[in-house]
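Trainee: Here you go, one structure.
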Amino acid sequence: MIETLAFRYGSQSYRILEKSKLEEEFYILQNGEKFYESEVKFITNREDIRFATDFFFRRSGVGVPGLLEEQEMNRLFRSLGRHLGWNQNQIRQEIKTVKDRYKIY
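This is how it looks when you write it as structure tokens:
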């Protein structure tokens, strides 16, 4: 975890590690990388995120490797909803919006 955070955030990784837990929850990205709950907290607290697309494609890059597996995506969206104050309807809409970004027309 330390190496991953240091690579992604450089000196900012200390702030993330201060808030992390010993048994840190994580999400598996499409490319197999782990994305930690403490990263979600850090990004949602520091960045201007209003929509899931802000988080997935502009602030964290979580969506760049590809669409997450359904279970991982649902877990991550529940976390985003908690941190950003979204209700269930907004979470459903945000999931749809992110999935639509991957559609090939």
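With the numbering used here applied, the sequence shown covers 509 to 613. For each residue, glycine too, the CB sits at the ideal point set by N, CA and C. Here the structure is a predicted model, which means the values were calculated and not measured.
Would you kindly check if the distance between the Cβ of E547 and the Cβ of S568 is under 9 angstroms?
Mentor: yes
Trainee: Please report the residue range of the beta strand (DSSP E) in which K542 lies.
Mentor: K542 to Y544
Trainee: Do T561 and H591 come within 9 angstroms of each other at the CB atom, strictly closer than that value?
Mentor: No, these two residues do not count as a Cβ contact at 9 angstroms.
Trainee: Let's see if you can read the secondary structure: which residues bound the beta strand (DSSP E) around I536?
Mentor: F534 to I536
Trainee: Quick one, which of I536, Y613, Y535 and F559 has its alpha-carbon nearest K604's?
Mentor: F559
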